[in-house]
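Counting along the sequence shown from 1, when you hit position 123 you're at 123 in our numbering, and nothing is skipped either side.
C-beta: ideal position from N, C-alpha, C; glycine also.
The model shown is predicted, which means the values in this text are computed figures rather than measured ones.
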Amino acid sequence: MNEKTISIDVQKDLFGANEEAASKNAEIFQKHGIVSIDIMGSVGTGKTQLIESLCERLSDKYPILMIAGDLATRIDADRVGAHDVDTVQINTGTACHLDARMIHVALKDTDLSKYKVVFIENVGNLICPAGYSLGVNKKVVVVSVTEGPYMVRKHPLTIKRSDMVVINKIDLAEVLEFDVDALVDDVREVDAKLPVFRVSSKTGQGLDALIAHLGL
Ligand SMILES: Nc1nc2c(ncn2[C@@H]2O[C@H](COP(=O)(O)OP(=O)(O)O)[C@@H](O)[C@H]2O)c(=O)[nH]1
Ligand SMILES: [Mg+2]
1 MNEKTISIDV
11 QKDLFGANEE
21 AASKNAEIFQ
31 KHGIVSIDIM
41 GSVGTGKTQL
51 IESLCERLSD
61 KYPILMIAGD
71 LATRIDADRV
81 GAHDVDTVQI
91 NTGTACHLDA
101 RMIHVALKDT
111 DLSKYKVVFI
121 ENVGNLICPA
131 GYSLGVNKKV
141 VVVSVTEGPY
151 MVRKHPLTIK
161 RSDMVVINKI
171 DLAEVLEFDV
181 DALVDDVREV
191 DAKLPVFRVS
201 SKTGQGLDAL
211 IAHLGL
């Protein structure tokens, strides 16, 4: 009798496969000389608005592709598409994050020789996306003054795994009596050297410094 038992470490298998796909994506981006940026943050923090404002400033200089991740709809892709930018919407159905294989499918389906910058808007939350590498050059976390003062302290792992933090909606800080310096201190507690940008995606304040840091 043949009785076989196979134990599968689901976590290891899942993350191993993701890392493999992420490496392939990184190779593809590098081959085409593309700067790729993953933007993570809660729903409503201003990820789409930030990408729209960056596209307004950069689309004359660079051909841009935007990949939007959402459970449903193509609202965000259409908002960015209105700025004359090509878009791919990924609807994840139930998944609370984009993973490298989803990005790989999108890249395989696209003529990447046309682009120099790829913005990826991850699914809106600060928990799941941090666990999945996508193979990008930079991971940006967006928090904003409308989410209350504890977003950084409550998501240390996401902050730790990012390359920079954008504090968005600073135009509203005064009226909301929001202590932006304290939020910067919270980032410093997690990583003393992580670059932090104080931005208003609406007024454009702080965007030049962010663009310069992204090397664009
Ligand atoms: N006042 C202000 N509103 C903003 C700013 N950035 C985004 N918003 C608004 O916040 C809401 C959510 O923005 P959105 O880009 O859809 O957030 P997302 O869910 O993270 O993509 C929208 O009504 C935006 O117009 C900002 O810097 N200042
Ligand atoms: Mg959005």
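So, is residue i buried or exposed, given that buried needs 16 or more other C-beta atoms within 10 angstroms?
i: ILE51; result: buried
i: GLN89; result: buried
i: TYR62; result: exposed
i: LYS114; result: exposed
i: VAL105; result: exposed
i: ILE75; result: exposed
i: ASP99; result: buried
i: GLU189; result: exposed
i: TYR132; result: buried
i: LYS47; result: buried
i: LEU210; result: buried
i: SER200; result: buried
i: VAL187; result: buried
i: LEU71; result: exposed
i: LEU134; result: buried
i: THR158; result: buried
Hey, quick one: how far does the alpha helix (DSSP H) through residue i stretch, first residue to last?
i: THR158; result: 156-160
i: LEU207; result: 207-213
Under 8 Å by Cβ, that's how I've got residue i and residue j pegged, so tell me the actual separation to the nearest angstrom.
i: VAL80; j: MET102; result: 18 Å between Cβ atoms; not a contact.
i: GLU56; j: HIS97; result: About 27 Å; that fails the 8 Å criterion.
i: VAL145; j: LYS169; result: 5 Å
i: ILE64; j: PHE119; result: 7 Å
i: PRO129; j: VAL123; result: 6 Å
i: LEU207; j: LEU54; result: 7 Å
i: LEU183; j: LEU58; result: That belief does not hold up - the Cβ atoms of LEU183 and LEU58 are roughly 26 Å apart, past 8 Å.
i: GLY16; j: VAL142; result: In fact, because the Cβ distance is near 29 Å, the residues do not count as touching under 8 Å.
i: ILE28; j: GLU121; result: About 19 Å separates the two Cβ atoms, so there is no contact after all.
i: ILE167; j: VAL175; result: Their Cβ separation, rounded to whole angstroms, is 16 Å, which puts ILE167 and VAL175 out of contact at 8 Å.
Run through the stretch 76-137 for me and flag every whole alpha helix (DSSP H) of 4 or more residues, listed as ranges in chain order. 100-108
Identify every run of the beta strand (DSSP E) within the stretch 30-79, keeping only runs that are complete inside it and at least 3 residues long; order them along the chain. 35-40, 64-70
Ordered list of alpha helix (DSSP H) runs contained in the stretch 145-205, each at least 4 residues: 151-154, 156-160, 180-190
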